[in-house]
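To start, the structure itself, in structure tokens.
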Amino acid sequence: MNQTVAFAKANSVQVGAHPSLPDKQGFGRREMKISPDELFNCFTYQTGALVGFLKVYGIELHHIKPHGAIYGQMARDLELARAGVRVCKVFSSSDTSFSAGVAFVGLAGTMHEVAAKEEGVRFIPEWFADLAYDQSGKLLITKTHDPVSHEVQRLLQERLITTEADGHYLSLGTEVDEVTICVHSDTPGAVGIAKLVKGLVDAHNLSL
Numbered sequence: 547m548n549q550t551v552a553f554a555k556a557n558s559v560q561v562g563a564h565p566s567l568p569d570k571q572g573f574g575r576r577e578m579k580i581s582p583d584e585l586f587n588c589f590t591y592q593t594g595a596l597v598g599f600l601k602v603y604g605i606e607l608h609h610i611k612p613h614g615a616i617y618g619q620m621a622r623d624l625e626l627a628r629a630g631v632r633v634c635k636v637f638s639s640s641d642t643s644f645s646a647g648v649a650f651v652g653l654a655g656t657m658h659e660v661a662a663k664e665e666g667v668r669f670i671p672e673w674f675a676d677l678a679y680d681q682s683g684k685l686l687i688t689k690t691h692d693p694v695s696h697e698v699q700r701l702l703q704e705r706l707i708t709t710e711a712d713g714h715y716l717s718l719g720t721e722v723d724e725v726t727i728c729v730h731s732d733t734p735g736a737v738g739i740a741k742l743v744k745g746l747v748d749a750h751n752l753s754l
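Under the working numbering, think of the first position of the sequence shown as 547, with each following residue one higher.
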């Protein structure tokens, strides 16, 4: 964690927390029953560890995004989503504006977004460059999908996400003015994908 924050500082990269369920053996990728209070405590504990290292380097926490199975559980369960979102408020300075507070990163159109709006926390919708979606917006794990460059350009220019149904797209909505794109580090070719995505995003931002 210390090394990662040091790299972020050296490269002027914003840092967010990625807390998960208390399941080290399963890397947080197995669903488990957890109450909203337990989740709040778990996320606060994990995020606090990161914030300690951020203070060493004089960096502010930018966002919180749930990791693994709890990401999906929170997308479906409003009470769990509220508990996770409230952690953003714990680590936001009382004198910061809405736009400067710790944001919550999640899946648009789910309880992630609902909870963030209810709690008054800035919500940043994310799209996964290395995963697929069904017609309802649910994430799918597939072996193949359209070339990343085509998908990213469609997302940036048209606010549309391709689904597994031929010719069907999901819209992020015209009100969306910021989005984050996730590339998993354990995806084959992740470094190359990340470089490609960054290049497309930079080019898009320059065109605005």
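Cβ atoms here follow ideal geometry from the backbone N, Cα and C, with glycine treated the same way.
From a predicted model like this one, the values you see are computed outputs, not experimental measurements.
Outcome for residue i when other beta-carbon atoms lying within 10 angstroms are tallied against a minimum of 16
i    : result
G630 : buried
E659 : buried
Y617 : buried
G572 : exposed
K744 : exposed
G647 : buried
K611 : buried
Q755 : The structure shown does not extend to residue 755, since the chain spans only 547 to 754, so no value can be given for it.
D623 : buried
G574 : buried
T593 : buried
Whole-angstrom distance between residue j and residue i, CA atom to CA atom
i    : j    : result
M578 : A627 : 15 Å
A740 : A554 : 15 Å
G604 : V551 : 10 Å
A749 : S638 : 31 Å
H730 : W673 : 11 Å
N751 : G738 : 20 Å
A595 : N557 : 21 Å
T733 : T726 : 17 Å
P565 : V636 : 14 Å
C728 : A654 : 14 Å
Q549 : G598 : 13 Å
A711 : V602 : Here A711 scores only 49 on pLDDT, less than 50, and its place in the model should not be relied on; the value that follows carries that caveat. Cα to Cα, the separation comes out at about 48 Å.
N587 : P671 : 24 Å
L746 : Y591 : 36 Å
E724 : L742 : 19 Å
A661 : V667 : 8 Å
F589 : R576 : 16 Å
C634 : L585 : 13 Å
I580 : K570 : 15 Å
A649 : F669 : 6 Å
A736 : Q619 : 26 Å
Residue i and residue j closer than 8 Å at C-beta
i    : j    : result
T656 : A621 : yes
L607 : G562 : yes
H609 : V651 : yes
P582 : E625 : yes
E665 : R632 : yes
Element boundaries [alpha helix (DSSP H), containing residue i]
i    : result
F599 : P582 to Y603
Q571 : Note, Q571: premise wrong, no alpha helix (DSSP H); not H, not E.
V636 : L624 to V636
E664 : M657 to E665
K579 : Careful: K579 lies outside any alpha helix (DSSP H) and carries neither H nor E.
T550 : N548 to A556
Those residues which DSSP pairs with residue i across a bridge
i    : result
E672 : T726
H609 : G562 and A649
Limits of the beta strand (DSSP E) - the one that residue i falls within
i    : result
V651 : A649 to G652
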